Structure formats: structure tokens, C-alpha cells
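Participant: In this note's numbering, the protein residues as written are 206 to 291. Provided herewith is a single structure, encoded as C-alpha cells, for subsequent inquiry.
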Amino acid sequence: VAVANLSKALVIPQTALTNGIRPGSYAVYTVADNHKISLTPVEIGALSDQGQIIESGLKEGERIVTDGLVKLRPGIVIEPAPANNK
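Below is the structure:
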């Protein structure tokens, strides 16, 4: 049963979510143009069949890390690779 149709929702893979700084909060690692990593706090919404809906904290077009989050720390520089969309 469809509950809502959110045509402009920002949806990310659940694997991109990590714990935020405060207990019970969430964040994602974003990648700047210089490939430097930042921990960006986000507010999550409902879970859809396409992924996790983000209510605030990210803008369309921002690059996020979806894999290997355990190895990341804010401020490090990475070599981004395109997502493997299956």
C-alpha cells in the first residue's frame, strides 16, 4: 500500500548512513571537490523501497560515500569512484 508519493524526495542508500555526533543522530560522509571528506549531519525521514529519505542536511548533487565508511575520518582525502548501480 503506497502511503505517499514524494516526487522530489532526496533518497540515498541506507549504507551511506552513519551515526552522528549526538546519540540518536545520523550523518553521511560527503566528498568536496578537492576529494576531502566531511561528516555532514542529516535528518532522516521515512524509509522507501528505493532507500533512505533525507529530510535535511544534503542538497541534490552532493557526492556522498556509500561504501567503506569504517575506514573514513573527517578531513582525509580519498579517490572517489563512481557508484556501482546495479
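By construction, the Cβ of each residue, glycine as well, lies at the ideal position given by its N, Cα and C atoms. A quick note: this is a predicted structure, and the numbers were derived from the prediction, not measured.
In the DSSP assignment, find the unbroken beta strand (DSSP E) run with residue 275 in it and report its ends.
Facilitator: Run containing residue 275: none; DSSP gives neither H nor E here.
Participant: Assign residue 237 to one of two classes, buried (16 or more other C-beta atoms within 10 Å of its C-beta) or exposed (fewer than that).
Facilitator: Exposed, by the Cβ-count rule.
Participant: Within its chain, find whatever has a CB closer than 6 angstroms to the CB of residue 267; leave out the 5 residues flanking it on each side and keep chain order.
Facilitator: Cβ within range, chain order: 235.
Participant: Between the Cα of residue 286 and those of 240, 279 and 278, spot the shortest distance and give me the residue it belongs to.
Facilitator: Taking only the C-alpha atoms, the option nearest residue 286 is 240.
Participant: Please report how far the alpha carbon of residue 215 lies from the alpha carbon of residue 265, in whole angstroms.
Facilitator: Going by the C-alpha atoms only, they are around 7 angstroms apart.
Participant: Go ahead and label residue 282 buried or exposed: buried means 16 or more other beta carbons lie within 10 angstroms of its beta carbon, across all protein chains shown.
Facilitator: Looking at its Cβ environment, which holds fewer than 16 other Cβ atoms inside 10 Å, residue 282 is exposed.
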